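A quick write-up on the structure given underneath.
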Amino acid sequence: MAAAVMTFARRAGQRQQDDEAFCPCCYRKGTPLCENFDAKSSQEKLAGLRSLMRAYGLGAYFVPSGDAHSSEYVGLADQRREWLTGFTGSAGTALVTESEALLWTDGRYFIQAAEQLAGTEWVLMKSQQPGVQELEDWVNQRQDAFSGPVGADPSLVSISFAQNWKKKGCADLELGCPNLVDAVWGATKPPTSRQPVVPQPIAYTGESAASKLARVGLAITQAGCSALVINALDQIAWLFNARGADIACNPVFLAYAVVCVDEAPRAAAAEAGDVCGACDGDEEVAVSATLYLRAQEGMAGHLASEGCVVLNDAAVEVPAIKRGPTVVIKDYAEFCADEVAAVVGDVGTVMFESSSATLAMSSTLQTERQRLVACSPVERFKARKNKEEIAGIIEAGKKDAAAICSYFAWLEAQLAAKTAVTEAQGADEIGRRRKCMQNCIGDSFPTISSTGANAAVIHYHAEHGSCAAIDPDSIYLCDTGGQYLDGTTDVTRTLHFGAPSEEEVRAYTRVLQGHIALATATFPSGTPGLMLEMLARKPLWGDGMNYLHGTGHGIGAYLNVHEGPFGIGGGSSHAERIVNSVRMQQFYLAPLEEGMYLSDEPGFYLDGKFGVRLESDLVIVSAETRFDWGARPYLCFAYTTPVPFCRELVDMSLLSPTEVRWIDNFHAECRNVLTKELFAQAARAAGDSEAAQSEDVKRSIEWVIKATEPLCAATHMG
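Counted the way my numbering counts, the sequence shown spans residues 2 to 719.
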């Protein structure tokens, strides 16, 4: 079986090598660039897949959402589950048997999935809902009736998934066949991206690649290991201080990396009085890395400038005494299980991150040499931002807030003038305004622009030609974010341009109270996100409300808008679900530490009527407390999203005096920051101060001033 896994891993790499270059930058989730993306009907796809299943003797076939890097968002060529099912959400797992086709997804996508699967054979399985079996439980109960084993592509199956599959009593996956979805997809399958890799300046990263490699090397040694294999794209981008564009909205590039350590050479160097500058003289380990890239142009020079010793040939002898970690750059297609075994050598323990590493990566390495960890040292280091990254995040937050508020001002003016604006046009407009901001690369995810009942679809996507016009008499929810060289943002505001109903006002106010409760929390370092989760839900629970998504997720520093290894959530799940979910425990029980950057996004959704979500971005900082009891320092959140809330949707009678003061103080800060930012951006764009007086800027500033008036002027008093 191991040989079969290795063979098909090689084939996949060769196929990617042969694909021509492709630019995904204008791709919007749910709107495929390739005109033949859905050339076959759902029935034809399932018939083709089942025909191949019979040919390979399979009773079922498993299709996950991720790619060979366990990415949440994937390139067009890796959207197999989306192509097969027609469901465009970012999370979902498909299983096809001889007679059934099932899709599992979470509460963010129940409404969307039901709509997109309607009229097909696909059955929606609502994860974490009463009476709905999870994938492994469903298979375990029925596998004896299957005509053969369950097949899967080993390069798409994470080690942690395989462990849970076995734990639940499911029979071994059949991993010896090629990817059957690719075979059915055929010639219409889009090519794999090969965009340039771009250095990320140290002014933004705050730390050289050599220093990061040294820290990772020390962590590998401290864990009793000799190597770490990395396939998570954001981890590789962070580690080598580079960014790319191989996945839309995610500034990452297709790559693998293997980091090895050797204590002997560094010990010899110490005896000779030489130390590695990247290690500050404290670590006695030599670090070497092998980096597998599709696009290699300029990377050798970049890494050399970052303090690394770049080798053109892996066979070159490395001096025992040297400065800086060594890096060998190889072609992406060379990476396979045999290559991993060759690079790490015959001795030592190799570390894999179980949630991202796949079965294909470790198939030729003896089990006893594998050390599976829930969180790699790279993921852990990446989560805690340094002062340069935090400074960039704050600046990006100001610029993005200015773009968002200028869009809201424009939209309000259009609606007041009775000019129709569709949801998709709104999403395009906010993207256009964002792109005018300094250092903006683009959106961090496709903007969710939703009006009325569509706002109840948590991850709604508006399509040109079929979406609704934004209704001034209904709630409007806008979830949007930007990628800037200096940071990544993720912001949601819910507005109303008319006279909201009492039901809408109460729901909004409860969500706002939960948002504030979390944003103002003080807690000891190391507190898990699960313990803070109730703060955001308590005001909603008191009214019998809840929401089917987490409250907070990690955010990258000009990297992926969703990152681990922590989160704030669990409040929508039964305790039994959390106890039985390794993934939920890993995220929601992970300690919160200073420097982490995350979202605060409670919500409420009433199917068929409206939805409310309020999301801002926070950085965990040191807190000043009256007492300093215990050995753990106390932490709090610094708010980085100066976008006002909708005063028209606030019920003053539900707010405490403390909440009113917080909102008014926050709005005063928004007014101060936004007026300066709007003038500054306009001046930069036009080149002179007179342009800052343009009608658009005037309108935006007037909107900000109105939106940030003290709450005592609000009309809703209960």
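From the three backbone atoms N, C-alpha and C, an ideal C-beta is built for every residue, glycine too.
Note that this is a predicted model, so its numbers are computed, not measured.
On the DSSP bridge assignment, give the partners of residue i in chain order.
i	result
TYR62	VAL97 and GLY152
MET653	Paired residue(s): none; MET653 is not in a bridge.
CYS637	THR523 and VAL622
ILE569	GLY553
VAL674	Per DSSP, none; premise fails for VAL674.
THR423	ALA470
THR510	BP columns for THR510 are empty, so no partner.
LEU496	TYR477
MET438	Beta-bridge pairing links MET438 to no other residue.
LEU181	In DSSP, LEU181 forms no bridge with anything.
Run through DSSP, which three-state label would residue i get?
i	result
TYR548	coil
TRP105	strand
LYS699	helix
VAL286	coil
ASN251	strand
HIS303	helix
GLY530	helix
LYS331	strand
HIS462	coil
LEU312	strand
ILE471	coil
ALA403	helix
SER363	helix
HIS516	helix
TYR589	helix
SER161	helix
PRO501	coil
VAL374	strand
ASP347	coil
LEU486	coil
GLU564	strand
LEU174	coil
What is the residue span of the alpha helix (DSSP H) that residue i lies within?
i	result
THR86	81 to 86
ALA56	43 to 56
ARG381	378 to 384
ASP235	234 to 240
ASP138	136 to 143
Using the Cβ count rule (16 or more neighbours within 10 Å means buried), how would you classify residue i?
i	result
THR709	buried
TRP123	buried
ASP601	buried
PHE628	exposed
GLY527	exposed
CYS713	exposed
ARG507	buried
VAL756	Within the shown structure, residues of the chain are numbered from 2 to 719, placing residue 756 beyond reach of any answer.
PRO658	exposed
GLN17	Its pLDDT being 36, under 50, GLN17 is placed unreliably by the model, and the measurement read from it follows with that caveat. Counting Cβ neighbours within 10 Å, GLN17 comes out buried, since at least 16 surround it.
VAL133	exposed
THR359	buried
ASN673	exposed
THR206	buried
PRO131	exposed
THR423	buried
PRO603	buried
For my contact list, residue i and residue j are in at a C-beta cut-off of 8 Å; report their separation, rounded to the angstrom.
i	j	result
ALA238	LEU486	Contact flag wrong, Cβ pair sits at about 13 Å.
LEU496	CYS647	5 Å
LEU593	GLY530	6 Å
GLN144	ALA172	6 Å
LEU675	CYS441	That pair is no contact at about 17 Å.
GLY87	TRP105	Not quite, the Cβ-Cβ distance comes to about 15 Å (not below 8 Å), so this is no contact.
Determine the extent of the beta strand (DSSP E) in which residue i is found, giving its start and end residues.
i	result
MET352	351 to 354
ALA204	Segment 203 to 206 is the alpha helix (DSSP H) holding ALA204; no beta strand (DSSP E) there.
GLY443	441 to 444
SER212	First-last for SER212: 210 to 223, but that is the alpha helix (DSSP H), not the beta strand (DSSP E).
ASP263	256 to 263
LYS127	124 to 127
ALA228	228 to 231
GLN117	Taken as a continuous stretch (DSSP letters only), GLN117 belongs to no beta strand (DSSP E), being part of the alpha helix (DSSP H) at 111 to 118.
ARG614	611 to 614
SER600	598 to 601
LEU607	604 to 607
THR189	That residue, THR189, is in no beta strand (DSSP E); it is neither H nor E in DSSP.
Please confirm whether any heavy atom of the ligand ZN lies closer than 8 Å to the CB of residue i.
i	result
LEU292	By its list of ligands, the structure shown contains no ligand whatsoever, and the ligand ZN lies outside what it can speak to.
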